[in-house]
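For reference, the structure discussed in these notes is given below.
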Amino acid sequence: MAPALLNLNSTSVMACASVKETLIDRPQLQEKTRNARVLVLGGTGRVGGSTAVALSKLSPQLQIVVGCRNREKGAAMVDKLGKNSELVEVNIDNVDSLETALRDVDLVVHAAGPFQQSQNCNVLEAAIETKTAYMDVCDDTSYALRAKSLKDRAIAANVPAITTGGIYPGVSNGATMNFSVLNLMAAELVRAARDESKGEPERLR
113 MAPALLNLNS TSVMACASVK ETLIDRPQLQ EKTRNARVLV LGGTGRVGGS TAVALSKLSP
173 QLQIVVGCRN REKGAAMVDK LGKNSELVEV NIDNVDSLET ALRDVDLVVH AAGPFQQSQN
233 CNVLEAAIET KTAYMDVCDD TSYALRAKSL KDRAIAANVP AITTGGIYPG VSNGATMNFS
293 VLNLMAAELV RAARDESKGE PERLR
């Protein structure tokens, strides 16, 4: 399947800047990506589950596929996400399982850590093989270096691949690896502040 990335049209958010001046309420996805299928591996974990929820709120039209090993936990997450979500059982240590899960999605978000214990880049390699856009939330330098060693293969396959895209982007040595993580974090803070105060926050610190 041809790769598709979530392209956000949002302005930069700066610390202590006026929220009304710097943050768009709901970033707009390009037309061709609004109905994209996004597989979140580790979709029942703290990071993966939060990612799935954030994506479903960002664009309710996105098809969220929750990838996990535990069917019961996965079913609970799918119930939480609603009608545009589904469950797939996948073992990231099994190449066949991975490639089967990736063949009908546009983007895979790899949040099935911990990355510190991984000795391979199975998910990224499967993404390259199936020509699926890839992103991970790696927070480990060793894994990041292994992933970046696959750069030429990803380019040759025309597969967009972003590594170390989590909340600790300092691991990355390239600005493109960090893309709009800070914008997404700021947007989530604003949403939480609105929910808690039932009003519009004026400033972020």
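Just so you know, we're using this note's numbering here: the sequence shown kicks off at 113 and counts up by one. For each residue, glycine too, the CB sits at the ideal point set by N, CA and C.
Below 9 Å between beta carbons: does that hold for residue i and residue j?
| i | j | result |
| --- | --- | --- |
| Asp251 | Gln231 | no |
| Val177 | Arg158 | no |
Within 10 angstroms of the Cβ of residue i, are there 16 or more other Cβ atoms? Answer buried if so, exposed if not.
| i | result |
| --- | --- |
| Ser197 | buried |
| Asp248 | buried |
| Ala238 | buried |
| Gly194 | exposed |
Please report the straight-line C-alpha distance between residue i and residue j, rounded to a whole angstrom.
| i | j | result |
| --- | --- | --- |
| Tyr255 | Leu236 | 11 Å |
| Thr275 | Ala245 | 11 Å |
| Arg306 | Ala268 | 45 Å |
| Gly161 | Ala224 | 10 Å |
| Leu262 | Ala164 | 26 Å |
| Arg265 | His222 | 18 Å |
| Arg181 | Pro313 | 39 Å |
| Glu184 | Leu257 | 34 Å |
| Glu308 | Thr242 | 43 Å |
| Leu167 | Lys310 | 22 Å |
| Gly179 | Val302 | 28 Å |
| Leu174 | Asn147 | 5 Å |
| Val202 | Gly186 | 11 Å |
| Leu199 | Ala259 | 26 Å |
| Ser171 | Gly277 | 20 Å |
| Arg315 | Glu300 | 14 Å |
| Leu135 | Pro226 | With a pLDDT of only 39 at Leu135, under the threshold of 50, the placement of this residue in the model should not be trusted; the figure read from the coordinates follows. Near 32 Å, if we compare the C-alpha coordinates of Pro226 and Leu135. |
Tell me whether residue i, by its Cβ, gets closer than 8 Å to a heavy atom of the ligand ATP.
| i | result |
| --- | --- |
| Pro226 | In the structure shown, the ligand ATP is absent, as is every other ligand, since no ligand is present at all. |
Apart from the five residues on each side of it in sequence, which residues of its chain come closer than 7 Å, Cβ to Cβ, to residue i?
| i | result |
| --- | --- |
| Asn234 | Ile204, Asp205, Val207, Leu210 |
Sorted by chain position, which residues of the same chain lie with C-beta nearer than 8 Å to residue i's C-beta, five sequence neighbours on each side aside?
| i | result |
| --- | --- |
| Lys169 | Arg303 |
| Ile240 | Tyr246, Leu262, Arg265, Ala266, Ala269, Val271, Ala273 |
Q. Counting pairs of beta carbons, one from the region 209-224 and one from the region 145-164, are three or more of them closer than 8 Å?
A. Judged by Cβ distances under 8 Å, the region 209-224 makes contact with the region 145-164, as three or more pairs qualify.
Q) Would you call the region 185-194 and the region 216-225 in contact, with 3 or more CB pairs under 8 Å? A) no
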